Amino acid sequence: MDARNQRLFNIIIFSSLILTLGVTILTNLHNWWKLIPLSLLLLFSFMLRRKRLFGERLSKILSELSFAFDIVLLYLISISDMSRVAMFYFYIDIIDIVLFYPIRQSIVISVIIYFEYVFIQFVRYIKWNYFDFAYFSPVLYEDALYFVFVFLIMYIAKQQIIQKQVLTQTMHQLEERTRQYGETNQKLQENARRAENHI
Numbered sequence: 003m004d005a006r007n008q009r010l011f012n013i014i015i016f017s018s019l020i021l022t023l024g025v026t027i028l029t030n031l032h033n034w035w036k037l038i039p040l041s042l043l044l045l046f047s048f049m050l051r052r053k054r055l056f057g058e059r060l061s062k063i064l065s066e067l068s069f070a071f072d073i074v075l076l077y078l079i080s081i082s083d084m085s086r087v088a089m090f091y092f093y094i095d096i097i098d099i100v101l102f103y104p105i106r107q108s109i110v111i112s113v114i115i116y117f118e119y120v121f122i123q124f125v126r127y128i129k130w131n132y133f134d135f136a137y138f139s140p141v142l143y144e145d146a147l148y149f150v151f152v153f154l155i156m157y158i159a160k161q162q163i164i165q166k167q168v169l170t171q172t173m174h175q176l177e178e179r180t181r182q183y184g185e186t187n188q189k190l191q192e193n194a195r196r197a198e199n200h201i
């Protein structure tokens, strides 16, 4: 994606992160002392993937490590969140991955994030309720559909943006070539007139 679209999506992602952070803390005031530092660390992890701090190679390593860091933070935040608002962090993470990383890497990390989500929901049921598969089972199909829906929508949006950029670049190239051909044709006509005048 071009710089303009990247800035736009960065604004959307970070605004969503900050909004989710605020709502999560407001709905879990008794755990604010845990949720605030954990949420800020998650925000820092997202920011880390946007900056090249120590050069191309190390930045790529840090970017991959930050996803593992995200998984740990998502677990700790979700366990401390009684209102389940923090589940939006999972969707924001998938949006971030799909928009800014290759499709294979996006699929692998998204599947890992979903399985972590299932594990967290299982732990929550064991911790706060007796386990009943009838109540737990929607996590396996309803929530899975939400994850797939978010992934596909963002992937389609990304492909549309890329195709639009390619089309725009192609049109600019055609316009430039047309201009060059026009200038060349004009010069040839001028040379032909001069040759006729000499004759």
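Numbering (this note's numbering), first residue to last: 3 to 201.
We treat Cβ as the ideally placed atom computed from N, Cα and C, and that holds for glycine.
What you are looking at is a predicted structure, and each value in this text was computed from that prediction instead of being measured.
1) Would you report the Cα separation of A146 and L78, rounded to the nearest angstrom?
2) If we require 4 or more residues per run, which alpha helix (DSSP H) segments fall completely within the segment 8–79?
3) Excluding the five sequence neighbours on either side, which residues of its own chain have a C-beta within less than 8 angstroms of the C-beta of L40, listed in chain order?
4) What three-state label does DSSP hand G87 in the structure shown?
5) For S139, report the span of its alpha helix (DSSP H) as first-last.
6) Please report the distance separating the alpha-carbon of D98 from that of Q182.
7) Between the alpha carbons of E144 and S47, how many angstroms are there, rounded?
8) In whole angstroms, give me the CA-to-CA distance for T22 and E185.
9) Report the CB separation of R52 from N12 in whole angstroms; it is logged as a contact under 8 angstroms.
10) Is the beta carbon of F92 less than 8 angstroms from the beta carbon of I115?
11) Does DSSP put Y157 in a helix, a strand or coil?
12) Taking the straight line between their C-alpha atoms, what separation do you get for N199 and A5?
13) Using the C-alpha atoms, what's the distance from R9 back to R195?
14) Report all residues from its chain with a CB closer than 7 angstroms to the CB of F153; omit the five preceding and five following residues, and keep chain order.
15) Could you check which residue in V120, R126, L42, L45 has the C-alpha nearest to that of S85?
16) According to DSSP, is D206 helix, strand or coil?
17) So, with DSSP's three-state summary, where would you put D4?
18) Output needed for Y103: all residues of its chain with C-beta closer than 8 angstroms, excluding positions within five of it in sequence on either side, in chain order.
19) Check the C-beta distance from S18 over to I122 and give it rounded, since I have them as a contact under 8 angstroms.
20) Quick check: what's the CA-CA separation for T170 versus S65?
Result, derived from the coordinates:
1) 21 angstroms
2) 34–50
3) L75, L78, I79, S82
4) The sequence shown places Val at residue 87, rather than the Gly named in the question. Correct three-state label for V87: coil.
5) Taken as a continuous stretch (DSSP letters only), S139 belongs to no alpha helix (DSSP H), as it is neither H nor E.
6) 41 angstroms
7) 29 angstroms
8) 57 angstroms
9) Between the beta-carbon of R52 and that of N12 there is about 7 angstroms, and that keeps the pair under the 8 angstroms contact cut.
10) yes
11) It is helical.
12) 53 angstroms
13) 53 angstroms
14) I96, V100, S112
15) R126
16) This structure cannot settle anything about residue 206, because the visible part of the chain is limited to 3 through 201.
17) coil
18) I111
19) For S18 against I122, the beta-carbon gap comes to about 20 angstroms, at or over 8 angstroms, which does not count as contact.
20) 30 angstroms
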